[in-house]
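First the structure, in the form of structure tokens, and then the observations on it.
Residue numbers (my numbering): 968 to 1327.
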């Protein structure tokens, strides 16, 4: 018989090993999945993890690591603050959408004006849009005791409907021959989030993600607020006795995560995506949850996990085109990573014991 025995203290070794073991196990299980689909598992895994970095067209794909990793890191940093405190914002996808709508809306409202102030204004509007959208579940939790998981998740669907409505209505390009979608912000210099260094994929969103990693690290390690966040997550009763105000913590964590998700949406719509469209959101807000946990809710870990997840996005696209793998298989492969991460995370707090059935 197999049973779990609770450890006296969480295992630091397994806490470090879990992400590595989860990635390796995902590769094995993913290989079996690809084999079941009639593809060579070794070629598929190589295509996903090796070709974007060292393949024939790696010079093109490497910059995409930053392009796709930037929003994942930025959103995951915000989510990790709340997760550490036991505050579960699952609706970052909705905050990402609203941030994009508010930021893009501010820029398009001033079209065709040219000014260096337009893009900073868009950044501010994107930040505020995401933050205010995240305040809805925060305030409802404080006033009525609602569950922030359900409320934030349901608001994603509201945000998606707003995105569709704006693409077909208020923000639709009047010169777009009736097609849904806004003007292309890449053709509007004052509102375009262009590369800072040509050919590198480095734009303001990626730079902001790196800055967020540094600020989060300093906050959690050096600031009293970071200590209160960690204390609330690890020992809620001790935090209450220590004078930590849970209401303020909820507002801060939800607001910060919403603001960073909104910024990610703004930088994406003004940069790589280029326009508000019905299919603008591609699931970054949900994937960032995997990134946060894969990075062990640590800023540096999230940075590495975000780049790894970006690699699976790029490699998955290559595998779909070169190996004819269905997109659903790539999504299942990415989902396996979270599944195995949570499964092996049990070993941080429990030991596996083998016992003979019927033994005293």
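Backbone N, C-alpha and C define an ideal beta-carbon position, used for all residues, glycine too.
Counting C-beta atoms within 10 angstroms of its own C-beta, residue 1017 has fewer than 16 neighbours from the protein chains shown and is therefore classed as exposed. Residue 1195 and residue 1046 have their alpha carbons spaced roughly 16 Å apart.
For residue 1039, the enclosing alpha helix (DSSP H) has its first and last residue at 1025 to 1051. Annotation: residue 1102 to residue 1145 spans about 35 Å, alpha carbon to alpha carbon. Residue 1057 and residue 1082 have their C-alpha atoms roughly 36 Å apart. Taking the CA atoms as reference points, residue 1064 sits about 20 Å from residue 1049. Around residue 1095, the same chain offers 1069, 1226, 1229 as residues with beta carbons nearer than 8 Å, after the five sequence neighbours per side are excluded.
Straight through space, the alpha carbons of residue 1301 and residue 995 are spaced by roughly 13 Å. Beta-bridge partners of residue 1111 (DSSP): none assigned. Two segments are said to touch when three or more pairs of C-beta atoms, one from each, lie closer than 8 Å; by this definition the region 1291 to 1311 touches the region 998 to 1010. A direct Cα-to-Cα measurement between residue 1286 and residue 1024 gives close to 13 Å. Per DSSP, the continuous beta strand (DSSP E) segment holding residue 1320 begins and ends at 1317 to 1321. For residue 1189, the secondary structure class from DSSP, reduced to helix, strand or coil, is helix.
Approximately 16 Å separates the beta-carbon atoms of residue 1236 and residue 1039; this is outside 8 Å, ruling out the contact. Around the beta-carbon of residue 1155, 16 or more other beta-carbon atoms lie within 10 Å, marking it buried.
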